[in-house]
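In the numbering used here, the protein residues as written are 6 to 100.
Here a beta-carbon is modelled for each residue, glycine too, at the ideal position from N, C-alpha and C.
Since this is a predicted model, take the numbers as computed values, not measurements.
One structure is given here, and the rest of the page talks about it.
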């Protein structure tokens, strides 16, 4: 996880890693999309047009907070603080 989600990573690389993480590592997801049909149509209609921006926003915050806990200069904050911030931001109505 440290190698794929770092706070010094460019945004385009982050987007690529999130897509790879969810599509390729989810069991059966990539073959279902490759076969086309209903799975691909639902992904394109629902996720790509509606859910993808939310997924990236929430995951950006989550993985950024994860990377912050791994940095030695993260300060004296406890990991529980970052989990609380993650929960609060993921429930934010703006996302």
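Review point. Smallest Cα separation from residue 56: which of 24, 19 and 89?
Key: 24
Check your understanding: Is it right to say residue 70 is buried, meaning 16 or more other beta carbons lie within 10 angstroms of its own, or is it exposed?
Key -> buried
Check your understanding: Tell me which same chain residues have a C-beta within less than 8 Å of the C-beta of residue 64, skipping the five on either side of it?
Key -> 23
Practice item. Go to residue 67, then tell me how far its alpha helix (DSSP H) extends in each direction, as first and last residue. Key: 57-75
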